[in-house]
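Student:
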Amino acid sequence: MSDDTTRREPVEKVIELRLPSKLGYERVAMDTASSLARRMGFHADRVESLKTAISEAVTNAIEHGNQHDAAMKVVVLLTARADELIVHVADQGRKQLDQECTTPEPKIEDAFEREDKGGWGIWLIRELMDEVEFTTAPSGGNQVRMVIHLEQ
Amino acid sequence: MSTPSPTQMSMELTLPSELGYEVIARDAVAAFARRLGISPDRLEDLKTALSEACINAIEHGNLLKPGLRVQIFCRFEEEQLIIEVVDQGVNAFAPKGEPLSITEKIAGLGSLRGMGLMLISQLCDEAGFVPRHGTGNCFRFAFYRRPTPALQR
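Here the protein sequences come in this chain order: A and B.
Each residue of the first sequence is one higher than the one before, counting from -5 in this note's numbering.
Each residue of the second sequence is one higher than the one before, counting from 270 in this note's numbering.
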């Protein structure tokens, strides 16, 4: 059968979102991912974990990768499969992410000593998502790939 | 830094051309509009208008063919949120003339379907198909952040 309408549908569905690098717009990525995850059947607590992880990843891309340059975009790819949701967050790499920063084990005692209480984002992402990988995006920017499994 | 002013914010969204995904588009664009200070009641109008525009793109522009995409471009300039919904143009979909009113439809002057465009035109401040370079139908509609008194309801 060669008719396009009878061709088998792809097993994964991709949503692409391109956002300005301005703090606050991570909410758009959070709401989009939440909408998709609910539609896929994720439990409410897993949706909250996903939203937090995406918020941290997009905030990192805005603050660190794109250095708050709102003209630069943050690209969020949401790939829905039958049993998992894959999220890619990529920046345009104004600043490359130090690979040593991708496996942090922050200690709360150290944070008491520091004026800057930040630095928990990547640790939090790793705690909340089932798979996490930091790579270089095709555009040359920083990219994080996060996977959350759909438990039936 | 080449930071644009908040009046030039933009975002793009690309979705599978499949009924149901308009819900995700609606939530994404509503979140963007909320950041720009669009009022809650206008947000509801925006969500309805966007859903209708996406369904039109999926059903009429892309003729429900699997594997196709719908693109949504949003930008904020001169106090207007401008939204463009673009399909892949399997079917050239640009109705002739103004959409019929509900009274005209009930009077039998046209199909009882096709309420979407009429609804969108009632909900937003500007709406219509615009020419586009390349393939695809492009439906553009706009919401003013602060409607003129004549547009306030």
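Ideal placement from N, C-alpha and C gives every residue a C-beta, glycine not left out.
#1: Determine the DSSP secondary structure at Phe307/B, reduced to helix, strand or coil.
#2: Within 8 Å of any Cβ in chain B, is that where the Cβ of Ala47/A sits?
#3: Look at the alpha carbon of Val81/A and the alpha carbon of Lys7/A, and state the distance between them as a whole number of angstroms.
#4: How about Ala47/A and Met123/A: do their beta carbons lie closer than 8 Å?
#5: Is the Cβ of Val22/A closer than 8 Å to any Cβ of chain B?
#6: Any idea if Ser133/A is buried or exposed, counting beta-carbon neighbours within 10 angstroms, 16 or more meaning buried?
#7: Name the one or two DSSP bridge partners that Gln137/A has.
#8: Tell me the residue span of the alpha helix (DSSP H) that contains Gln391/B.
#9: Check for me: the alpha helix (DSSP H) holding Ala23/A runs from which residue to which?
#10: According to a CB-to-CB cut-off of less than 9 Å, which residues of the stretch 294 to 308 of chain B neighbour chain A?
#11: For Leu71/A, which beta-bridge partners are listed by DSSP?
#12: Using the beta-carbon of each residue, which ones in chain B are nearer than 9 Å to Lys89/A?
#13: On the criterion of 16 or more Cβ atoms from any shown chain inside 10 Å, does Thr53/A qualify as buried, or is it exposed?
#14: Considering only residues of the same chain and omitting the five flanking positions on each side of Ala326/B, which have a CB-CB separation below 6 Å?
#15: Between Glu121/A, Val126/A, Phe36/A and Phe128/A, which has its C-alpha nearest Ala74/A's C-alpha?
#16: Apart from the five residues on each side of it in sequence, which residues of its chain come closer than 8 Å, Cβ to Cβ, to Ala396/B?
#17: Distance check for Glu328/B and Glu20/A, CA to CA, integer angstroms please.
#18: Excluding five sequence neighbours on each side, which residues of the same chain lie with their C-beta closer than 6 Å to the C-beta of Arg139/A?
#19: Per DSSP, Val355/B is paired with what?
#20: Which residue's Cα is closest to the Cα of Gly87/A: Ser49/A, Ala76/A and His58/A?
#21: Would you kindly report the start and end of the unbroken beta strand (DSSP E) that includes Cys397/B?
#22: Does Val292/B get closer than 8 Å to chain A when you measure Cβ to Cβ?
Tutor: So, from the data block:
#1: In the sequence as displayed, the identity of residue 307/B is Ile instead of Phe. In this structure, Ile307/B counts as coil in the three-state DSSP scheme.
#2: Chain B contact via Cβ: absent.
#3: When rounded, the distance between both Cα atoms is 12 Å.
#4: Going by beta carbons, Ala47/A and Met123/A fall inside the 8 Å limit.
#5: Chain B, which has a Cβ nearer than 8 Å to the Cβ of Val22/A, makes this yes.
#6: A residue is called buried once 16 or more other Cβ atoms fall within 10 Å of its Cβ, and Ser133/A, having fewer, is exposed.
#7: DSSP links Gln137/A through a beta bridge to Ala84/A and Thr129/A.
#8: Per DSSP, Gln391/B belongs to the alpha helix (DSSP H) from Met384 to Leu392.
#9: Counting along the chain, the unbroken alpha helix (DSSP H) around Ala23/A starts and ends at Glu20 to Met34.
#10: The residues in question are Ala294, Arg295, Asp296, Ala297, Val298, Ala299, Ala300, Phe301, Arg303 and Arg304.
#11: Leu71/A pairs with Glu10/A and His82/A.
#12: Going along chain B, no residue has its Cβ under 9 Å from Lys89/A, so there is no contact; the nearest lies around 13 Å.
#13: Buried, since its Cβ has 16 or more Cβ neighbours within 10 Å.
#14: Cβ within range, chain order: Val339, Val354 and Asp356.
#15: For Ala74/A, the nearest C-alpha among the options comes from Phe36/A.
#16: Sequence-distant Cβ neighbours of Ala396/B in its own chain, meaning closer than 8 Å and more than five residues away, are Ala318, Leu386, Ile389, Ser390, Phe408, Arg409, Phe410 and Ala411.
#17: The alpha-carbon separation between Glu20/A and Glu328/B amounts to approximately 31 Å.
#18: The beta carbon of Arg139/A sits closer than 6 Å to those of His82 and Glu127, all from its chain and outside the five residues before and after it, given in chain order.
#19: Assignment of beta-bridge partners to Val355/B by DSSP yields Gln340/B and Cys407/B.
#20: Nearest option by C-alpha distance: His58/A.
#21: The sequence shown places Gly at residue 397/B, rather than the Cys named in the question. That run of the beta strand (DSSP E) goes Glu395 to Val399.
#22: Using a Cβ-Cβ cut-off of 8 Å, Val292/B counts as an interface residue toward chain A, since at least one Cβ of chain A sits closer than that to its own.
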